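Everything on this sheet refers to the single structure shown next.
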Amino acid sequence: MRKIDVEAWARRVIDMVLEGNRVEDSRVELKAHFPGDHPHIPEDVHVFKHARQLAGHANAARGAELLWLFGLDDEANCITDVATDKREHWYQRISSKFESLVPELLECLTIDHADGVVVAFYFGTERAPYLVNNPKGGRIDYEVPWREDNTTRTAKRRDLVRVLVPVQKLPGIELLHGEIEIQRRSQGGGFLKATAKIYIEPFPGDSLFLPFHRLQLMTSFISPEELESCTVKYENAKVGKLRREVRYESATISCGPAGVLVSGPGVFEFCRQWEFPNNLPAISNGPSWIRFLATPSHQDRHVEEESELHHLKSEGNRAYWRT
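Its first residue numbered 123, the sequence shown is counted upward by one per residue in our numbering.
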């Protein structure tokens, strides 16, 4: 991921936190303070806690990159404005708590926001497992931590099996073009339709299958809470109560009722439409973003790509955004 992409990811997370959303997941961790700045946790204890959490996060990531943001409080939904001169010192200190290998620091960015400063750390995790020292000493020298939901525990046998099984290579993707159409109905409600044109490149010699239920399109216009109040529909190729539409533009890509088969590099277009029976979410004419996520069959990891959209025009009850 390019440095500008890491910054865009971080800014998106910052905005979501300031809007009151919970954002920590399998790839994102938020910290309000650096060690030494917390009013109730001794610095040395805080350093080891961060090292253990990072090791657990990286072990559970299955090779995916991680984003840690310092200076962001998701309890108070605010920026705490951390001291940026502590960023290199922090990584050096937590590295000393690892047995040998440390998650690779790919990028470290200082992000200026209207409400303050946030420091972003972007980690690679391809060399798991990661072990940390036992701070209490004794006969147990090291621990293999594991992240489950938003907590860290000692890894179990089933977790170690997942780490030691070779990670399958994920395809490369590029979001070539994205657009959003919104229509309000005079009798109330309406729909939001998002379309993404995707270039996909499997690992050389591989083919892959993308099940429809593992393809996602997301947009800044719809929050997780608002998704619960609407119906998702895909056009064409009816499957149960859902309609799906994937238009493919390459001899290496074929589409069936269950998903998309990719035998080589190519381009296809994926569309998702949300139906709102009552009220559409609040929409502004400012910029938006669209994000495509895909989890291939036989994989427990996903690939994703995002693009910024700009308001194109409004005509009556319709409005359009495009890359």
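Even for Gly, the Cβ is constructed at its ideal location relative to N, Cα and C. It should be emphasised that the depicted structure is a prediction, and the values quoted were computed from it without experimental measurement.
Pairwise C-alpha distance: residue j and residue i
i, j, result
"GLY185", "VAL287", "12 Å"
"PRO326", "GLY388", "13 Å"
"TRP268", "LEU231", "26 Å"
"GLN475", "GLY260", "Here the chain comprises residues numbered 123 to 445, so residue 475 is not present and cannot be evaluated."
"TYR356", "VAL285", "Low confidence applies here, because TYR356 scores a pLDDT of 45, under 50, leaving its location unreliable; read the following figure in that light. Going by the C-alpha atoms only, they are around 36 Å apart."
"ARG133", "ILE233", "8 Å"
"VAL139", "VAL289", "32 Å"
"GLU141", "PHE343", "13 Å"
"THR417", "HIS424", "4 Å"
"ILE216", "ILE320", "39 Å"
"PHE390", "HIS335", "17 Å"
"ALA373", "THR341", "29 Å"
"SER376", "CYS393", "16 Å"
"ARG124", "GLN309", "45 Å"
"ALA404", "LEU191", "28 Å"
"GLN421", "GLY294", "14 Å"
"GLU323", "ALA183", "22 Å"
"TYR213", "LEU282", "25 Å"
"LEU223", "TYR252", "6 Å"
"ALA173", "GLU296", "33 Å"
"ASP137", "ILE262", "43 Å"
Local conformation of residue i per DSSP, three classes
i, result
"GLN175", "helix"
"SER376", "strand"
"GLN305", "strand"
"VAL285", "helix"
"THR202", "coil"
"GLU437", "strand"
"GLU151", "strand"
"ALA182", "helix"
"ASP159", "coil"
"THR445", "coil"
"ASP196", "coil"
"ARG413", "strand"
"GLU221", "coil"
"GLU165", "helix"
"PHE392", "strand"
Own chain, CB closer than 7 Å to residue i, minus 5 neighbours either side, in chain order
i, result
"GLY246", "GLU187, PRO225, GLU226, LEU228"
"PRO333", "ALA380, GLY381, SER419"
"GLU248", "GLY185"
"ALA250", "ALA180, ASN181, VAL285"
"GLY362", "Annotation note: pLDDT 29 at GLY362 (below 50); position unreliable, coordinate value reported separately. For GLY362, where only same-chain residues beyond five positions count, there are no Cβ hits under 7 Å."
"LYS208", "PHE156"
"SER410", "ILE302, THR341, SER342, PHE343, LEU431, TRP443"
Start-to-end residues for the beta strand (DSSP E) that takes in residue i
i, result
"TYR244", "238 to 246"
"ASP234", "226 to 235"
"ILE322", "312 to 323"
"PRO333", "330 to 333"
"VAL384", "381 to 384"
Terminal residues of the alpha helix (DSSP H) in which residue i lies
i, result
"SER217", "209 to 217"
"ALA132", "125 to 140"
6 Å Cβ shell around residue i - same chain, five flanking residues per side excluded
i, result
"ASN475", "This structure does not reach residue 475, given that the chain is present from 123 up to 445, and the question cannot be answered."
Own chain partners of residue i with C-beta closer than 8 Å, once the 5 adjacent residues on each side are dropped
i, result
"GLN175", "GLU151, PRO267, ARG269, THR274"
"ARG144", "ASP196"
Below-7 Å beta-carbon distance, residue i vs any chain B residue
i, result
"ALA132", "The displayed structure is made up of one protein chain only, and chain B is not part of it."
Validate contact between the stretch 153 to 170 and the stretch 199 to 208 using beta carbons, cut 8 Å, 3 pairs: The stretch 153 to 170 vs the stretch 199 to 208: in contact.
Three or more C-beta pairs below 8 Å linking the stretch 311 to 324 and the stretch 263 to 282: With a cut-off of 8 Å, the stretch 263 to 282 and the stretch 311 to 324 do not count as touching, because too few Cβ pairs lie within range.
Contact between the stretch 296 to 308 and the stretch 425 to 440 (3+ Cβ pairs under 8 Å): yes
Segment contact, 8 Å Cβ cut-off, at least three pairs: the stretch 154 to 173 with the stretch 388 to 400: no
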